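In the order they appear, the protein sequences are chains A and B. For the first sequence, this note's numbering begins at 1 and goes up steadily by one. For the second sequence, this note's numbering begins at 1 and goes up steadily by one. All residues carry an ideal CB built from backbone N, CA and C; glycine is no exception. From a predicted model like this one, the values you see are computed outputs, not experimental measurements.
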Amino acid sequence: MQPFTALTSRTVVLPATNIDTDQIIPARFLTTTTRSGLGAHLFADWRYDESGAPRPDFVLNRPESAGCRILVAGRNFGCGSSREHAPWALLDHGFRAVVSAEIADIFGNNSLKNGLLPVIVDDATSSWLLEHPGAELTVDLAAGTLTLPTGIKVSFPIEAFARHCLLNGVDELGYLLSRSREIEAYERRA
Amino acid sequence: MPQSARTLFEKVWERHLVAAETAATPAVLYIDLHLIHEVTSPQAFALLRERGVAVRRPDLTLATMDHSTPTRTAQVFGGAPIAIESAARQIRELEANCAQFGVELLGLTSEQRGIVHIIGPDLGLTQPGKTIVCGDSHTSTHGALGALAFGIGTTEVAHVLASQCLLQRKPRTLAVEVEGTLRAGVTAKDLILAIIGKLGVAGGTGHVIEYRGATIRALDMDERMTVCNMSIEAGARAGMIAPDATTYAYLATRPRAPQGAAWERALSDWHTLPTDAGARFDRELRLGAGDIEPMITWGTNPGMVIPVTGAIPRQGPDAVFARALSYMGLEPGAPIRDQPVNVVFIGSCTNARLSDLRSAARVLRGRHIARGLTMLVVPGSQQVKRQAEAEGLDRVFIEAGAEWRESGCSMCLGMNGDTVPRGAYAVSTSNRNFEGRQGAGARTLLASPLTAAASAVRGRVTDPRELL
Numbered sequence: 001m002q003p004f005t006a007l008t009s010r011t012v013v014l015p016a017t018n019i020d021t022d023q024i025i026p027a028r029f030l031t032t033t034t035r036s037g038l039g040a041h042l043f044a045d046w047r048y049d050e051s052g053a054p055r056p057d058f059v060l061n062r063p064e065s066a067g068c069r070i071l072v073a074g075r076n077f078g079c080g081s082s083r084e085h086a087p088w089a090l091l092d093h094g095f096r097a098v099v100s101a102e103i104a105d106i107f108g109n110n111s112l113k114n115g116l117l118p119v120i121v122d123d124a125t126s127s128w129l130l131e132h133p134g135a136e137l138t139v140d141l142a143a144g145t146l147t148l149p150t151g152i153k154v155s156f157p158i159e160a161f162a163r164h165c166l167l168n169g170v171d172e173l174g175y176l177l178s179r180s181r182e183i184e185a186y187e188r189r190a
Numbered sequence: 001m002p003q004s005a006r007t008l009f010e011k012v013w014e015r016h017l018v019a020a021e022t023a024a025t026p027a028v029l030y031i032d033l034h035l036i037h038e039v040t041s042p043q044a045f046a047l048l049r050e051r052g053v054a055v056r057r058p059d060l061t062l063a064t065m066d067h068s069t070p071t072r073t074a075q076v077f078g079g080a081p082i083a084i085e086s087a088a089r090q091i092r093e094l095e096a097n098c099a100q101f102g103v104e105l106l107g108l109t110s111e112q113r114g115i116v117h118i119i120g121p122d123l124g125l126t127q128p129g130k131t132i133v134c135g136d137s138h139t140s141t142h143g144a145l146g147a148l149a150f151g152i153g154t155t156e157v158a159h160v161l162a163s164q165c166l167l168q169r170k171p172r173t174l175a176v177e178v179e180g181t182l183r184a185g186v187t188a189k190d191l192i193l194a195i196i197g198k199l200g201v202a203g204g205t206g207h208v209i210e211y212r213g214a215t216i217r218a219l220d221m222d223e224r225m226t227v228c229n230m231s232i233e234a235g236a237r238a239g240m241i242a243p244d245a246t247t248y249a250y251l252a253t254r255p256r257a258p259q260g261a262a263w264e265r266a267l268s269d270w271h272t273l274p275t276d277a278g279a280r281f282d283r284e285l286r287l288g289a290g291d292i293e294p295m296i297t298w299g300t301n302p303g304m305v306i307p308v309t310g311a312i313p314r315q316g317p318d319a320v321f322a323r324a325l326s327y328m329g330l331e332p333g334a335p336i337r338d339q340p341v342n343v344v345f346i347g348s349c350t351n352a353r354l355s356d357l358r359s360a361a362r363v364l365r366g367r368h369i370a371r372g373l374t375m376l377v378v379p380g381s382q383q384v385k386r387q388a389e390a391e392g393l394d395r396v397f398i399e400a401g402a403e404w405r406e407s408g409c410s411m412c413l414g415m416n417g418d419t420v421p422r423g424a425y426a427v428s429t430s431n432r433n434f435e436g437r438q439g440a441g442a443r444t445l446l447a448s449p450l451t452a453a454a455s456a457v458r459g460r461v462t463d464p465r466e467l468l
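Shown next as structure tokens:
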């Protein structure tokens, strides 16, 4: 997992609400047995036409999107399946944070475990961000704040342990295994 | 007294705490049953290999293959190669991983193979009070038996393989209380679609749903599983129903349910699980079952749903409304009834149990599907397939002009090549009508097995009550 401390980047905006994981990466790309290279299939059916040529009007294909590391999306981003291929594809493409008024539970969990930061903001901030594509934002995980180009800072919630792990590059599996004595004790009494 | 009153969810949660949550750390939650499949496990096994860690409890882990497996008999049992090479590779990799890590696998030719959420209950492994996880969002299905069951990602699959535990924050609770009697021709699928229509596709986010009330208690186990299955379509990771006589009767004959004295002990424990009188839920939703009609989706998420007798809305809350209509090629205000249909799919972890197949066969018996329409019937497990064949349901489907296949997820998500052609309309008994879900450009209308079968006969969206 890649540690996450702070990030400054312009945004790419996908204003649609309820963007599901089948849009983020369609099921036909899930027969892979590795987690690498999935960025090529990110938003495949929105990004490419039937012949496989890029659709010039799709935001990720526009030159100004190159190098953007923050994705701003409509409410309930990442709903649907539990496929971790969704955050893998977003990370492989270069995104490190997703900002939305609401982020689906399983997608949010999967993102945290891979160093893709789910940033949940209030409706007013979300509306402003959706209306200002390309805005330069700073995400500061230690402070738990998102700074807009207007200078306004908004705080965002993040689960304390996930935050600790992201900031310090702590591996959750290592932490779980370090509690094996308690797990054994539970198994004895169960 | 009210202070100690607890919900079903709270009871199951508390008895699985290896360590309670603190402000700084999530709870360590013990998992009783871990189901794995070929699509979301390879990278988890790779992580174990990388770290030199074994599977902690192979005895609490069961593997099967369902998502990318073929449904054509020759590709399953030999005679023809699996059409998609990467799918074949994924299947071989699960076989190798299970062999290396000592995990029981109900493999491609096993008589007990099937969709992971169908075989758990079928075998009697899914039981009241258990914690059950799987790298699949429809793990919520198992909550129908009073288990706490939810989908996880691949990193968490590795966590459970290695430690039999998950790091979890306690979710909130949502009671969905349904009273009244479902009308003839209205099924559990229509009920859950109506609930999602009311809650919205994010209405359950952060919550575990408990389905309650007389309507829920009157459902049989297959119907309860259909309801819990689609909890995730309302954003809730888990849906639960209190165990009762229906649950116990269902489990009593299952091969891997407790037997003899262990059964008696289990039964007296299960009786303590239902929500106590006076227990509080964080939120409640009430609805009446009596006025629910057969439901069908018109758009690109399961919340875009109307009665089959209804019309497509004229306006929506945001720009996605227009986009959904354009993707679906439908007109605002038009009735959904008589919309031409090209493909009908009876299958998936939502509606591929024996009673679902019986329900579809009831409409199809002595009838033929419309000219030019393709219909696929894919049983949820090999056991369901054998049971259906013993009742002659396969003959009903074949004589009606449908294809009768081997079990698997199949056209629900089209990973195995069973897809809906671009632009075609499919009435499907599955759970998701997202853009491209059943194949690039496919247009999905979610409905019950009755509505799907009736629509296959007419070649148009049909109210099943006209054919019953």
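- I241 (chain B) carries a coil assignment under DSSP once its states are collapsed to helix, strand and coil.
- Interface with chain B (8 Å Cβ-Cβ cutoff): P149 (chain A) is excluded.
- For a Cβ distance threshold of 9 Å, residue set D20, D22, G80, S81 of chain A lies close to R432 (chain B), ordered along the chain.
- The alpha-carbon separation between R189 (chain A) and G423 (chain B) amounts to approximately 57 Å.
- Taking a C-beta distance under 8 Å as the contact criterion, A400 (chain B) and L354 (chain B) do not qualify as a contact pair.
- Contact between S448 (chain B) and D190 (chain B) is confirmed by a C-beta separation of about 6 Å, below the 8 Å threshold.
- With contact defined as three or more Cβ pairs closer than 8 Å, the region 20-33 of chain B and the region 158-177 of chain B are in contact.
- Spatial neighbours of A311 (chain B) in its own chain (CB-CB distance under 8 Å, excluding positions within 5 residues in sequence) are listed in chain order as G333, A334, P335, I336.
- Judged by DSSP in its simplified three-state form, H93 (chain A) adopts helix.
- The three-state secondary structure of D276 (chain B), taken from DSSP, is coil.
- Unbroken alpha helix (DSSP H) stretches of 4 residues or longer found wholly inside the region 122-202 of chain B: 154-163, 188-199, given in chain order.
- The shortest CA-to-CA distance from L94 (chain B) to any of B:T451, B:R465, B:M65 is the one to B:M65.
- The beta carbon of E131 (chain A) does not come within 8 Å of any beta carbon belonging to chain B, so the residue lies off that interface.
- Residue contact check for P15 (chain A) against chain B: a CB pair falls below 8 Å.
- Using beta-carbon distances, P26 (chain A) counts as an interface residue toward chain B, with a partner under 8 Å.
- Take the alpha-carbon of F77 (chain B) and the one of R405 (chain B): they are about 12 Å apart.
- Nearest in C-alpha terms to E111 (chain B), of all of B:G380, B:G299, B:L60, is B:G380.
- One thing to note: H34 (chain B) has its Cβ no nearer than 8 Å to the Cβ of V208 (chain B).
- Every unbroken stretch of the alpha helix (DSSP H) spanning 4 or more residues and falling wholly within the region 29-72 of chain A is given here in chain order: 44-47.
- Taking a contact as a CB-CB distance under 8 Å, the pair L148 (chain B) and F9 (chain B) counts as one, their CB atoms being some 6 Å apart.
- Secondary-structure assignment with DSSP links E284 (chain B) through a beta bridge to B:A175.
- Around the beta carbon of Q339 (chain B), 16 or more other beta carbons lie within 10 angstroms, which makes this residue buried.
- Among the residues facing chain A, N301 (chain B) is included, as its CB has a counterpart in that chain under 8 Å away.
- Secondary structure note for S9 (chain A): its beta strand (DSSP E) is the uninterrupted segment 6-14.
- Under the Cβ criterion of 8 Å, T131 (chain B) is not counted among the residues facing chain A.
- Ranked by Cα distance from D45 (chain A), the options A:N61, A:T31, A:L166, A:R35 are led by A:N61.
- Residue contact with chain B for D105 (chain A): present (Cβ-Cβ distance below 8 Å to some residue of chain B).
- The beta carbon of T5 (chain A) sits closer than 7 Å to those of L141, A142, L167, all from its chain and outside the five residues before and after it, given in chain order.
- In this structure, L130 (chain A) sits near P15 (chain A), with a CB-CB distance shorter than 8 Å.
- Across the structure, L17 (chain B) and A27 (chain B) are spaced so that their CA atoms are roughly 7 Å apart.
- Listed in chain order, the positions of the region 153-177 of chain A with a beta carbon within less than 8 Å of a beta carbon of chain B are E159, A160, F161, H164, E172, L173, Y175, L176, L177.
- Going by C-alpha positions, D222 (chain B) is about 50 Å away from G134 (chain A).
- For R443 (chain B), the enclosing beta strand (DSSP E) covers residues 443-446.
- With respect to chain A, the C-beta atom of R323 (chain B) has a partner C-beta closer than 8 Å.
- T138 (chain A) has its alpha-carbon roughly 19 Å from the corresponding atom of H93 (chain A).
- Where L330 (chain B) is concerned, there is no enclosing alpha helix (DSSP H), because DSSP gives it neither an H nor an E.
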